[in-house]
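Counted from 1, the sequence shown has number 67 at position 22 by my numbering; the numbering is strictly sequential.
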Amino acid sequence: MIMNIKPLADRVLILPAAAEEKTIGGIIIPDTAKEKPLKGEVIAAGEGTKDEKMVLKKGDTVLYGKYAGTEIELDGTKYLIMRQSDVVAVIKNPAFWMIAFLCLLFYAAVNPFLKYSTGMMVGKFGIGETLAGLFPMILPMGCIVLTPLFGGIYDKKGHGADLMILGACLITAVHLVFAILPDGASPVFPIILMVFLGIGFALLPSAMWPSVAKIIPAKQLGTAMALTFYIQNIGFIFVPKAIRAIQAGTEGYFWFSIFFTCLGVSAILLSSGIKLLDKKKRYGLQVPNIQK
Numbered sequence: 046m047i048m049n050i051k052p053l054a055d056r057v058l059i060l061p062a063a064a065e066e067k068t069i070g071g072i073i074i075p076d077t078a079k080e081k082p083l084k085g086e087v088i089a090a091g092e093g094t095k096d097e098k099m100v101l102k103k104g105d106t107v108l109y110g111k112y113a114g115t116e117i118e119l120d121g122t123k124y125l126i127m128r129q130s131d132v133v134a135v136i137k138n139p140a141f142w143m144i145a146f147l148c149l150l151f152y153a154a155v156n157p158f159l160k161y162s163t164g165m166m167v168g169k170f171g172i173g174e175t176l177a178g179l180f181p182m183i184l185p186m187g188c189i190v191l192t193p194l195f196g197g198i199y200d201k202k203g204h205g206a207d208l209m210i211l212g213a214c215l216i217t218a219v220h221l222v223f224a225i226l227p228d229g230a231s232p233v234f235p236i237i238l239m240v241f242l243g244i245g246f247a248l249l250p251s252a253m254w255p256s257v258a259k260i261i262p263a264k265q266l267g268t269a270m271a272l273t274f275y276i277q278n279i280g281f282i283f284v285p286k287a288i289r290a291i292q293a294g295t296e297g298y299f300w301f302s303i304f305f306t307c308l309g310v311s312a313i314l315l316s317s318g319i320k321l322l323d324k325k326k327r328y329g330l331q332v333p334n335i336q337k
């Protein structure tokens, strides 16, 4: 019977979860304490409307208010039909957490690197301090030009997950080449590598941030963005400490670059996982934002 029910427009069919009667410690929960919010599983979802895209999907575990929706009974089981706007939160959204930690890895692999890259340019490639101090400017200048360009490509052509993977691959490759280049190599090489790092730096966020809006309902975007920013700053706290420990325990810049390479590899794996999850959940990350 359930297979024959398709909610219309922005409505969803919810199977309510049983209310908890006791806490883990055995304390009885009074009725007034378990009224809101209630939890349930999305059994089926409509196609959405022109004004509100359907972001909930079958299998999502959601929270909703006590008086939300209309109760129906099918085959002896009680369900709720409600509008998507009656849902206050999605409890499990692995794609969001993957993007949040991708954000951490991305900014941790680039921003702290810029802080310590001047020393590498001087110590490994023999570049003068004045010129080496200009290297960190390459990335922001490149982003001014490239980020809007890549964002426009995402809007018109889609392939958001592919752009994230490509950006992560570029960043990883740059750090790996920095690791294997011999000391005293021509200054031309680090200049070229910084250009490619700037391209990767523009590619990944131009697809990463818009993708959050496709995964998270619009009314929860503020919380999602704040939480992503919070997670991102974890990297800014611990990555510099790791760098200082590496520099204190090793000579040269090989392990320094390998550390950032490992962060990049992790970003590639997360980006690939997001693409696979998008294929399964149909978030639309590969779909153009501008529909003809």
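C-beta: ideal position from N, C-alpha, C; glycine also.
If I measure Cβ to Cβ from residue i and keep anything under 8 angstroms in the same chain, skipping five residues before and after, which residues do I get?
i: Asn49; result: none
i: Phe241; result: Leu215, Ala218, Val219
i: Tyr199; result: Gly205, Leu208, Ser251, Ala252, Pro255, Pro333, Asn334
i: Asp51; result: It should be pointed out that residue 51 corresponds to Lys in this sequence rather than to Asp. Only Ala89, Gly91 meet the Cβ criterion.
i: Lys326; result: Lys102, Ala140
i: Thr175; result: none
Nearest to residue i by CA position, among the options, is which residue?
i: Gly104; options: Ile88, Leu125, Ala134; result: Ile88
i: Ile236; options: Ser162, Met209, Met253, Tyr199; result: Ser162
i: Ala287; options: Gln277, Phe304, Ala271; result: Phe304
i: Asn156; options: Trp300, Ala312, Lys326, Gly280; result: Gly280
i: Leu191; options: Lys201, Leu208, Leu248; result: Leu248
i: Ala140; options: Tyr328, Pro333, Val332, His204; result: Tyr328
i: Leu314; options: Ile276, Leu211, Thr94, Val100; result: Leu211
i: Ala54; options: Asn138, Thr94, Ala62, Glu86; result: Thr94
i: Leu159; options: Leu150, Ile144, Cys148, Met182; result: Met182
i: Gly318; options: Gly294, Ala213, Ser231, Thr106; result: Ala213
i: Leu272; options: Lys326, Leu184, Lys98, Leu147; result: Leu147
i: Met186; options: Phe246, Gly267, Gly197, Phe283; result: Phe246
i: Ile225; options: Trp300, Gly267, Gly121, Val257; result: Trp300
i: Trp142; options: Arg56, Arg289, Tyr275; result: Tyr275
i: Ala145; options: Lys324, Arg289, Ala258; result: Ala258
i: Ile282; options: Lys111, Ala154, Asp96, Gly110; result: Ala154
i: Val100; options: Arg56, Ala312, Gly121; result: Arg56
So residue i is in the beta strand (DSSP E); what residue range does that whole segment cover?
i: Thr122; result: 122-128
i: Val57; result: 56-61
i: Glu86; result: 83-90
i: Ala134; result: 132-135
i: Thr175; result: Taken as a continuous stretch (DSSP letters only), Thr175 belongs to no beta strand (DSSP E), being part of the alpha helix (DSSP H) at 174-177.
i: Leu108; result: 106-109
Here's a check: name, in chain order, each residue in its chain whose Cβ is nearer than 6 angstroms to the Cβ of residue i, leaving out the five neighbours to either side.
i: Lys169; result: Asp228, Tyr298
i: Leu108; result: Pro82, Lys84, Val133, Ala134
i: Gln220; result: A small fix is needed here, since residue 220 is His in this sequence, not Gln. Within the same chain, His220 has close Cβ partners Ser302, Phe305, Thr306, Gly309.
i: Ala263; result: none
i: Lys320; result: Ala206
i: Gly196; result: Ser251
What does a CB cutoff of less than 7 angstroms around residue i pick up in its chain, not counting 5 residues either side in sequence?
i: Ile117; result: Tyr124, Ile126
i: Gly114; result: Ile59, Leu125, Ile126, Met127, Asp131
i: Met166; result: Ile172, Ala177, Phe180, Pro235
i: Gln277; result: Cys148, Leu149, Tyr152
i: Ile69; result: Unreliable placement is indicated for Ile69, whose pLDDT of 35 sits below 50; the coordinate value is still reported in the next sentence. Cβ neighbours of Ile69 beyond the five flanking positions: none.
i: Gln292; result: Phe301
i: Val222; result: Leu238
Would you kindly report the start and end of the unbroken alpha helix (DSSP H) that includes residue i?
i: Leu221; result: 205-225
i: Gln277; result: 266-294
i: Leu150; result: 139-170
i: Leu194; result: 183-202
Could you have a look at residue i and say whether DSSP puts it in helix, strand or coil?
i: Thr115; result: strand
i: Ser251; result: helix
i: Tyr328; result: coil
i: Ala312; result: helix
i: Ala263; result: helix
i: Tyr298; result: coil
i: Ser256; result: helix
i: Asn49; result: helix
i: Gly245; result: helix
i: Pro333; result: coil
i: Asp228; result: coil
i: Lys103; result: coil
i: Asp323; result: helix
Could you please give me the residues that DSSP links to residue i through a beta bridge?
i: Gly93; result: Lys98
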